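Student: In our numbering, the protein residues as written are 702 to 960.
Have a look at this one before I ask anything.
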């Protein structure tokens, strides 16, 4: 018989059988006020390194609750080592990129200010919260690392030479992405998505001089930046990622993935 878990939460505590965990104030509010959770309700937990565990609410106070860890549901496993660097977008579009990139298995998210970036401010801590929320909902065992924003020049100077970088080029200067992926050697991978106004000519010229960069084409249509990010990630995951693995829903626990 399936046990209905009230929620799936990311915690920083070590997870092991019989351990007791006090959730954060934000999580307590979500459990007690939003979900109306109560004593003995089941909560699924993960921390990015101990796998996934079942727990129950053992104690409830006005503003907090304590969980007791019961049993491991999944062992930790290696996930995609895929980075996404992207120019921040206006309004909620950056939130959308963070959420969907997390769902698509990105391990690191890097906001990059390019010449044509239309926003000048990024709240990295807020983006980290979005990445956590997304990881909780999409069943992954890790949370994508969101870095502090950097300039385009800083990104290129700090980029590891051994990590290949795919860059969609809306000017038509790249080969079709399908052809590139079919002939690409498997290695640590990154993707760079330009701003809503596209890369400046000087930025494209700089990218073309780097041995670890490959410009790619995403077809004949002009895509929005957020669409280009999702399309490129999906192409890579289909070719080299973990899309060949089946989802798991066989541990006896289910939870509502929508917040």
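Glycine is no exception: its CB is placed at the ideal position from the N, C-alpha and C atoms.
As the structure is a prediction and not an experimental result, all values here were calculated from the model.
(1) If you draw a straight line from the C-alpha of residue 799 to the C-alpha of residue 832, how long is it?
(2) Does DSSP put residue 919 in a helix, in a strand, or in coil?
(3) Give the single residue among 903, 863, 911 whose Cα lies nearest to the Cα of residue 890.
(4) Taking residue 1005 as the reference, which of 893, 903, 778, 725 has the closest Cα?
(5) For a quick check, are the C-beta atoms of residue 772 and residue 718 less than 8 Å apart?
(6) How big is the Cα-Cα spacing for residue 909 and residue 764?
(7) Under a Cβ-count criterion, where at least 16 other Cβ atoms within 10 Å of its own Cβ denotes burial, should residue 883 be classed as buried or exposed?
(8) Let me check understanding here. Comparing Cα to Cα, which of 935, 851, 916, 726 lies closest to residue 789?
(9) Might you give, ordered along the chain, the residues of its own chain that have their beta carbon closer than 8 Å to the beta carbon of residue 937, omitting 5 neighbours on each side?
(10) Applying the 10 Å Cβ sphere with the 16-neighbour rule, what's the burial state of residue 812?
(11) Nearest-angstrom Cα distance between residue 755 and residue 943?
(12) DSSP puts residue 709 in a beta bridge; with which residues?
(13) Straight-line CA distance for residue 725 to residue 769?
(14) How far does the alpha helix (DSSP H) with residue 858 in it reach, from first residue to last?
(15) Are there three or more Cβ pairs, one per stretch, closer than 8 Å when the stretch 895-904 is compared with the stretch 810-829?
(16) Between the beta-carbon of residue 711 and the beta-carbon of residue 825, is there less than 8 Å?
(17) From residue 849 to residue 795, what distance separates their C-alpha atoms?
(18) Would you call the stretch 899-918 and the stretch 870-877 in contact, with 3 or more CB pairs under 8 Å?
(19) Only counting the same chain, and skipping five residues up and downstream in sequence, which positions put a Cβ closer than 6 Å to that of residue 702?
(20) At which residues does the alpha helix (DSSP H) containing residue 826 begin and terminate?
(21) Which word fits residue 748, buried or exposed, when buried means at least 16 other C-beta atoms lie within 10 angstroms of its C-beta?
(22) Which of helix, strand or coil does DSSP assign to residue 778?
(23) Can you check which of these residues, 737, 780, 723, is closest to residue 766 by C-alpha distance?
Tutor: So, to answer that:
(1) Distance between residue 799 and residue 832, taken at the CA atoms: about 6 Å.
(2) Coil.
(3) Cα-wise, what sits closest to residue 890 is 863.
(4) No information on residue 1005 is available, as it lies outside the stretch 702 to 960 that the chain covers here.
(5) Yes, these two residues count as a Cβ contact at 8 Å.
(6) For residue 909 and residue 764, the distance between alpha carbons rounds to 55 Å.
(7) Label assigned to residue 883: exposed.
(8) Ranking the options by Cα distance to residue 789, first place goes to 851.
(9) Here the set comprises 783, 867, 882, 890, 892.
(10) So residue 812 counts as buried.
(11) For residue 755 and residue 943, the distance between alpha carbons rounds to 24 Å.
(12) In DSSP, residue 709 forms a bridge with 745.
(13) Answer to the nearest angstrom: the Cα atoms are 15 Å apart.
(14) Note, residue 858: alpha helix (DSSP H), 853-859.
(15) Contact holds: three or more Cβ-Cβ distances are below 8 Å.
(16) The answer is no: Cβ separation not under 8 Å.
(17) Each residue's alpha carbon lies about 14 Å from the other.
(18) Two segments are said to touch when three or more pairs of C-beta atoms, one from each, lie closer than 8 Å; by this definition the stretch 899-918 touches the stretch 870-877.
(19) With a pLDDT of 45 at residue 702, under the threshold of 50, the predicted position of this residue should be treated as unreliable, though the coordinate-derived value follows. When the five nearest sequence neighbours on each side are left out, no beta carbon in the same chain lies closer than 6 Å to the beta carbon of residue 702.
(20) Run containing residue 826: 825-839, per the alpha helix (DSSP H) assignment.
(21) Looking at its Cβ environment, which holds 16 or more other Cβ atoms inside 10 Å, residue 748 is buried.
(22) Coil, per DSSP.
(23) Nearest of 737, 780, 723 to residue 766, Cα basis: 723.
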